[in-house]
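Scroll down for the structure; my scribbles are underneath it.
Written out as structure tokens, the structure reads:
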């Protein structure tokens, strides 16, 4: 049951990634177009008009194609050139999460919040990574921090509810459910399903 719980949490993390990564560079219409862009390469994104932006953009394209190792390589190159990009560290953390390399994901998300202490999505990543590593109490702290930064962050409330369930605290999970019902009914329905099992 616990493995299923955190598989769902991972899905939530990966689903929430589409928004932050999509805000940086809009994805092309299809995978063939993405592959063509990668082959012609070297297209920086407006927010990073240097070589770091080129590597970051390539990382996004590889990510869109499900090429996690290649995305990691590209994100690392972008970081080598521009080590102060919280979005690149966050993206690197997501790519590591896809490969279930939780220690590296945690390090990447942590670096993102060191650069931007108000990066709620990175705190969600930290919480999930700690949960996957079995450090549930620390996971709670990271998820609570995400919610303090962004009180209506449905995915963080959902992950917090699942973490409370994992720790056997059904009352706190029900509290998160009440909040979640006002934010995202689909996630609330998912949490109800786990609470009732």
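Residue numbers (our numbering): 389 to 585. All C-beta atoms, glycine included, are put in the ideal place defined by N, C-alpha and C.
Check your understanding: Mind checking residue 449: buried by the 16 CB within 10 Å criterion, or exposed?
Key -> Here residue 449 refers to the residue found at position 61 of the chain shown. Buried.
**Study point:** Segment contact flag, the stretch 512-528 with the stretch 536-547, C-beta cutoff 8 Å, min 3 pairs
**Key:** yes
**Study point:** Contacts around residue 570, its chain only, beta-carbon distance under 8 Å, and the 5 residues preceding and following it disregarded
**Key:** Within the chain shown, the letter at position 182 stands for residue 570. Taken in chain order, the list of residues that qualify is empty.
Check your understanding: With a CB to CB cut of under 6 Å and the five nearest residues on each side skipped, what residues in its chain are close to residue 528?
Key -> Taking the first residue of the chain shown as position 1, residue 528 is located at position 140. 551, listed in sequence order.
Review point. Taking all protein chains shown into account, do 16 or more other C-beta atoms lie within 10 angstroms of the C-beta of residue 548, making it buried, or fewer, making it exposed?
Key: Residue numbering aside, residue 548 sits at position 160 when the chain shown is read from its first letter. So residue 548 ends up on the buried side.
Practice item. Measure from the alpha carbon of residue 443 to the alpha carbon of each residue in 465, 488, 565 and 535, then state which is nearest. Key: Taking the first residue of the chain shown as position 1, residue 443 is located at position 55. Looking at the Cα atoms, 465 is the closest of the given residues.
**Study point:** residue 536, buried or exposed, once every other Cβ within 10 Å from all chains shown has been counted against 16
**Key:** Here residue 536 is taken as the residue at index 148 of the chain shown, counted from 1. Exposed, because fewer than 16 other Cβ atoms sit within 10 Å of the Cβ of residue 536.
Practice item. Report the option in 502, 561, 499 and 490 whose CA atom is closest to the CA atom of residue 519. Key: Taking the first residue of the chain shown as 1, we reach residue 519 at position 131. Per the Cα distances, 490.
Review point. Just curious, the alpha helix (DSSP H) that residue 458 is in, first and last residue?
Key: Locating residue 458 in the chain shown gives position 70, counting from the first residue. From DSSP, the alpha helix (DSSP H) with residue 458 extends over 456-469.
**Study point:** Inside the stretch 487-550 only - beta strand (DSSP E) runs reaching at least 3 residues
**Key:** As for any beta strand (DSSP E) of minimum length 3 sitting wholly inside the stretch 487-550, there is none.
Review point. To the nearest angstrom, how far is it from the Cα of residue 411 to the Cα of residue 521?
Key: Walking along the chain shown from the start, residue 411 turns up at place 23. Walking along the chain shown from the start, residue 521 turns up at place 133. Its pLDDT being 42, under 50, residue 411 is placed unreliably by the model, and the measurement read from it follows with that caveat. Straight through space, the alpha carbons of residue 521 and residue 411 are spaced by roughly 29 Å.
Check your understanding: By how many angstroms is the C-alpha of residue 546 removed from the C-alpha of residue 579?
Key -> Counting from one through the chain shown, the residue named residue 579 turns up at place 191. Counting from one through the chain shown, the residue named residue 546 turns up at place 158. For residue 579 and residue 546, the distance between alpha carbons rounds to 7 Å.
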